[in-house]
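Structure, as C-alpha cells:
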Amino acid sequence: MSPDEWYKSLPIITRYYVTLSFLTTAACALEIITPFNVYFNSHLIFKKGEIWRLLTNFFFFGNLGLDFVFHMFFLVKYCKSLEEGSFRGRSADFLWMLLLGGALLTSLAPFVAIEFLGSSLTFMMVYVWGRRHQYVNLSFLGIFNFTAPYLPWVLLAFSVMLGSSPKVDLLGMVAGHAYYFLEDVYPRMTGRRPLKTPGFIQAVFPVDEPIRPAAEEGMQQFAADQLQEQQQQQEQQQPANGEGRLEQELRQMHEEHPAVDGRDYWAEAHGARPHAD
Numbered sequence: 001m002s003p004d005e006w007y008k009s010l011p012i013i014t015r016y017y018v019t020l021s022f023l024t025t026a027a028c029a030l031e032i033i034t035p036f037n038v039y040f041n042s043h044l045i046f047k048k049g050e051i052w053r054l055l056t057n058f059f060f061f062g063n064l065g066l067d068f069v070f071h072m073f074f075l076v077k078y079c080k081s082l083e084e085g086s087f088r089g090r091s092a093d094f095l096w097m098l099l100l101g102g103a104l105l106t107s108l109a110p111f112v113a114i115e116f117l118g119s120s121l122t123f124m125m126v127y128v129w130g131r132r133h134q135y136v137n138l139s140f141l142g143i144f145n146f147t148a149p150y151l152p153w154v155l156l157a158f159s160v161m162l163g164s165s166p167k168v169d170l171l172g173m174v175a176g177h178a179y180y181f182l183e184d185v186y187p188r189m190t191g192r193r194p195l196k197t198p199g200f201i202q203a204v205f206p207v208d209e210p211i212r213p214a215a216e217e218g219m220q221q222f223a224a225d226q227l228q229e230q231q232q233q234q235e236q237q238q239p240a241n242g243e244g245r246l247e248q249e250l251r252q253m254h255e256e257h258p259a260v261d262g263r264d265y266w267a268e269a270h271g272a273r274p275h276a277d
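When we follow full-length UniProt numbering, the leftmost residue of the sequence shown carries the number 1, and every step to the right adds one.
Right, here's the structure in full:
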C-alpha cells in the first residue's frame with residue numbers, strides 16, 4: 001500500500017486530526033509559526049481574545065524527531081482503532097467524544113500548568129480503547145503480558161521510568177475514565193445517556209453503518225439475559241423427562257376410562273408396554 005492509499009484509507013476524523021497535527025508541528029519546525037503562537041494560555045485566550053489557542057494546542061507534538069514519530073504512531077493507531085471499531089459508522093459520536101474530552105482537558109489544564117494537550121487527548125483515546133477491549137492480550141517489549149485495560153498504566157509507568165512528568169498521562173486518564181463512565185457504565189445503571197451526541201453534529205456526518213453505542217448494547221444484552229433466565233425457569237417448572245409425561249397420560253386415561261388398565265392402554269397407544277410393577 002502506497003503512502004497515498006494509506007492516507008486515504010484513514011477514517012475521516014483520524015485523517016483530519018493527523019493532518020492538522022502534522023501541519024502544525026511541521027510549521028513550528030520550519031519556523032513559519034512558533035509554539036508560542038499555538039500553546040494554551042488562559043490569560044491570552046480570555047483576556048486577549050486569542051481563542052484559536054483552544055484548538056491549536058491539541059495539534060502540536062514537539063519537535064520533528066523520534067518523539068514526534070512515537071506520538072503520531074499512538075495517535076494513528078488508537079484514534080483509527082476507535083473510529084473503525086466501537087465508533088464505526090458513528091463519526092459524529094467519535095467527534096463528540098473528542099470535543100468533550102478536549103473541553104474537560106481544557107478546564108483542567110490551568111490547574112496543572114500544561115501548555116499542549118494533544119498527548120493528553122491521545123492518552124484519553126488509549127484509555128477508552130483499553131476499556132472497550134477488556135479481553136485483548138498485549139505484551140510490553142516481550143517482557144510481560146497484560147490485558148488492554150492495563151495499557152494506560154503500563155505506558156504511564158514507562159513514561160515515569162524515562163523521567164517524564166506523569167501529569168500529562170494522568171490528565172488523559174482522568175478524561176478517559178470520565179467519558180467511559182458516563183457513556184458506557186452510567187447508562188447501564190440508570191437507562192439514561194447524558195453524553196448523547198447533539199443533532200447538529202450528527203447532521204454533519206452521514207451514517208453508513210449504524211452501530212449501537214456500547215451503553216445501548218449493554219442494556220440490550222441485559223434484557224436478553226433476563227428473558228433467557230425467565231425461559232429457563234419456566235422450563236424447570238415443567239416435567240423434565242418422559243417419566244413426568246407418562247404419569248400425566250396415565251392419570252388422564254384413568255380419569256377418562258376408569259375400567260381400563262392405564263398401563264395397557266398406554267402400551268397400545270404407543271406400541272410398547274411400560275415396565276410392570
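Even glycine gets a Cβ: it sits at the ideal position worked out from N, Cα and C.
All figures in this text were calculated on a predicted structure; none of them were measured in a lab.
Residue i lies in the alpha helix (DSSP H); which residues open and close that run?
| i | result |
| --- | --- |
| threonine 34 | Premise fails: threonine 34 is in no alpha helix (DSSP H) and is neither H nor E. |
| threonine 56 | 53-56 |
| threonine 122 | 118-132 |
| phenylalanine 200 | 199-202 |
| phenylalanine 94 | 91-112 |
| phenylalanine 158 | 151-161 |
| serine 21 | 12-29 |
| methionine 189 | 186-190 |
| tyrosine 7 | 3-9 |
Between residue i and residue j, which are expected to be in contact by the criterion C-beta below 8 Å, what is the C-beta distance as a whole number of angstroms?
| i | j | result |
| --- | --- | --- |
| phenylalanine 116 | asparagine 57 | 5 Å |
| serine 21 | phenylalanine 61 | 6 Å |
| aspartate 169 | phenylalanine 205 | Incorrect: roughly 30 Å between the Cβ atoms, too far for contact. |
For residue i, count neighbouring C-beta atoms within 10 Å of its own C-beta (all shown protein chains included) and say buried if the count is 16 or more, exposed if not.
| i | result |
| --- | --- |
| alanine 215 | Legend: pLDDT at alanine 215 = 49, less than 50; position of this residue unreliable, no value from coordinates given. |
| proline 3 | exposed |
| residue 323 | Shown here, the chain extends from 1 to 277; a query on residue 323 therefore has no answer. |
| tryptophan 6 | exposed |
| glycine 242 | A caution first: glycine 242 carries a pLDDT of 46, below 50, which makes its placement in the model unreliable, though a value can still be read off. Counting Cβ neighbours within 10 Å, glycine 242 comes out exposed, since fewer than 16 surround it. |
| alanine 240 | For alanine 240, the predicted model reports a pLDDT of 46, less than 50, meaning its position is unreliable and no value from the coordinates is stated. |
| isoleucine 114 | buried |
| aspartate 67 | exposed |
| tyrosine 17 | buried |
| threonine 190 | exposed |
| methionine 173 | buried |
| glycine 49 | exposed |
| threonine 147 | exposed |
| proline 210 | Note that proline 210 has pLDDT 46, beneath the 50 cutoff, so the model's placement of it is unreliable and no number is given. |
| glycine 101 | buried |
Is the distance from the Cβ of residue i to the Cβ of residue j below 8 Å?
| i | j | result |
| --- | --- | --- |
| valine 136 | tyrosine 78 | no |
| valine 128 | tyrosine 179 | yes |
| glutamate 83 | isoleucine 13 | yes |
| leucine 54 | threonine 106 | yes |
| alanine 175 | leucine 64 | no |
| leucine 108 | leucine 171 | yes |
| proline 198 | tyrosine 186 | no |
| glutamine 134 | proline 149 | yes |
| alanine 26 | isoleucine 33 | no |
| glycine 118 | phenylalanine 59 | yes |
| serine 86 | arginine 132 | yes |
In terms of residues, what are the limits of the beta strand (DSSP E) holding residue i?
| i | result |
| --- | --- |
| leucine 138 | 137-140 |
| phenylalanine 181 | Run containing phenylalanine 181: none; DSSP gives neither H nor E here. |
| phenylalanine 74 | From DSSP, phenylalanine 74 is part of no beta strand (DSSP E) but of the alpha helix (DSSP H) over 66-84. |
| phenylalanine 146 | 144-147 |
- [ ] Spell out a yes or no on whether the segment 77-95 and the segment 38-46 are touching, meaning 3 or more CB-CB pairs, one atom from each, closer than 8 Å.
- [x] no
Task: Stretch-stretch touch, CB-based, cutoff 8 Å, three pairs: the segment 150-162 with the segment 89-101 - done: no
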